[in-house]
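Asker:
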Ligand code: ADP
Ligand code: MG
């Protein structure tokens with residue numbers, strides 16, 4: 036089988052230096068590929084869209100403009116984002132928010148509850164403290180971790196659907212404590228992928244591959260009737276080397292979370308990645324990168340927003356709880372662990388190991 040690999044560049048390529056990056060590879064037969072496939076750095080990552088024979092500059096333009104708009108809503112790294120406005124008002128007042136932000140926060144709270152807080156959209160203070168993926172990444176002192184953890188609590192995010200001056204508004208968001216901060220890094224790209232798919236539907240696009248830094252959506256059918264092939268990055272190999280392939284027969288999203296995606300090596304020589312442990316589970320340390328033997332979790336679901344939130348959630352929860360959560364939400368999952376690859380029956384039936 037000939038596979039063309041779309042290389043996904045992540046925001047912080049520091050990890051490339053250490054050769055154990057992972058990522059997702061949307062792959063498809065070369066003869067299908069449009070020369071018009073477009074890529075852009077937006078939403079903190081490299082985003083690539085391939086519309087095949089339906090590609091037109093106007094539609095690419097519309098899709099990337101939409102991504103830029105979504106970045107202005109969801110970015111945790113821009114002072115002018117809508118999200119930053121909610122964070123600035125933490126402990127002060129509720130902020131009126133857009134329907135987009137409301138939808139994502141609502142779903143994030145759903146997953147926070149479903150994971151007993153292992154997934155938490157108010158993780159901002161802890162993410163900032165570690166700075167993983169930035170030049171100031173470091174192992175924070177325990178006292179600072181404790182102080183950040185005291186500000187992470189999804190139950191103190193108040194979301195109210197609303198009406199204002201008799202007009203319907205999406206609603207308001209309020210972080211109850213000063214210093215609290217939202218970070219939607221684990222779910223916003225999934226929402227964006229779904230949003231682009233809705234534009235494709237409206238435009239009557241027959242087939243497309245959307246790849247937002249590893250949040251992949253395959254849309255429609257390949258013209259040769261064969262399944263889409265999405266490669267799963269080998270955690271122990273350089274970017275672009277996949278361990279196996281998922282064969283997808285229909286429009287669906289594939290999202291992975293991995294310990295090789297963004298990380299730094301501490302002064303103690305240890306690997307510190309960007310998916311953080313928030314709950315006591317007897318493994319790893321609260322407030323630290325999750326240490327449970329999982330190298331990556333790859334989730335397949337119709338909703339890319341769910342697949343995104345689930346990939347992060349299932350990574351932290353580990354195999355048993357993560358598997359149950361994925362299945363309860365109509366998703367399939369492949370776990371890559373140190374010594375084994377295992378997953379839900381539906382996922383393993385379409386997964387082919389390509390390297391060992
Ligand atoms: P990526 O952003 O590399 O695609 P993920 O979807 O797994 O990977 O999201 C990781 C990001 O989510 C982190 O960079 C951080 O912003 C945020 N995050 C880390 N740990 C958690 C957690 N336990 N709950 C919610 N968000 C998290
Ligand atoms: Mg995620």
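In our numbering, the protein residues as written are 36 to 391. Built from N, CA and C at the ideal position, the CB exists for glycine as well.
Is it right to say residue 215 is buried, meaning 16 or more other beta carbons lie within 10 angstroms of its own, or is it exposed?
Answerer: Buried is the call here.
Asker: Give me the Cα-Cα distance between residue 163 and residue 378, rounded to the nearest whole angstrom.
Answerer: The alpha-carbon atoms of residue 163 and residue 378 are separated by roughly 32 Å.
Asker: Between the alpha carbons of residue 102 and residue 386, how many angstroms are there, rounded?
Answerer: Cα to Cα, the separation comes out at about 30 Å.
Asker: What distance in whole Å lies between the Cβ atoms of residue 290 and residue 253, which are believed to be in contact at a cut-off of 8 Å?
Answerer: Their Cβ separation, rounded to whole angstroms, is 12 Å, which puts residue 253 and residue 290 out of contact at 8 Å.
Asker: Considering residue 278, what are the terminal residues of the alpha helix (DSSP H) in which it resides?
Answerer: Per DSSP, residue 278 belongs to no alpha helix (DSSP H); it is in the beta strand (DSSP E), 277–283.
Asker: When you compare the region 266–276 with the region 117–136, are there three or more beta-carbon pairs, one atom per stretch, that lie closer than 8 Å?
Answerer: In short, these stretches do not touch, since the Cβ pair count stays below three.
Asker: Tell me the DSSP secondary structure of residue 85 in three-state form.
Answerer: Looking at residue 85 - three-state DSSP - the assignment turns out to be strand.
Asker: Measuring alpha carbon to alpha carbon, tell me which of 170, 244, 129, 224 ends up nearest residue 191.
Answerer: The candidate whose alpha carbon is nearest that of residue 191 is 129.
Asker: Would you list, in sequence order, the uninterrupted beta strand (DSSP E) runs of no fewer than 3 residues that lie entirely inside the region 267–333?
Answerer: Here the runs fully enclosed are 277–283, 287–293, 298–300, 306–308.
Asker: Short of 6 Å in beta carbon distance, which residues of its chain neighbour residue 135, apart from the five on each side in sequence? Order them along the chain.
Answerer: 108, listed in sequence order.
Asker: If you draw a straight line from the alpha carbon of residue 269 to that of residue 204, how long is it in whole angstroms?
Answerer: Distance between the alpha carbons of residue 269 and residue 204: 45 Å.
Asker: Under 7 Å: does the beta carbon of residue 150 sit that close to some heavy atom of the ligand MG?
Answerer: Because no heavy atom of the ligand MG lies under 7 Å away, the Cβ of residue 150 does not count as near it: no.
Asker: Classify residue 336 as buried or exposed, calling it buried when 16 or more other Cβ atoms lie within 10 Å of its own Cβ.
Answerer: Buried, because 16 or more other Cβ atoms sit within 10 Å of the Cβ of residue 336.
Asker: Taking Cβ to Cβ, would you say residue 311 is nearer than 8 Å to residue 161?
Answerer: Yes, these two residues count as a Cβ contact at 8 Å.
Asker: Is it true that the CB of residue 383 sits closer than 8 Å to the CB of residue 330?
Answerer: No. Outside cutoff.
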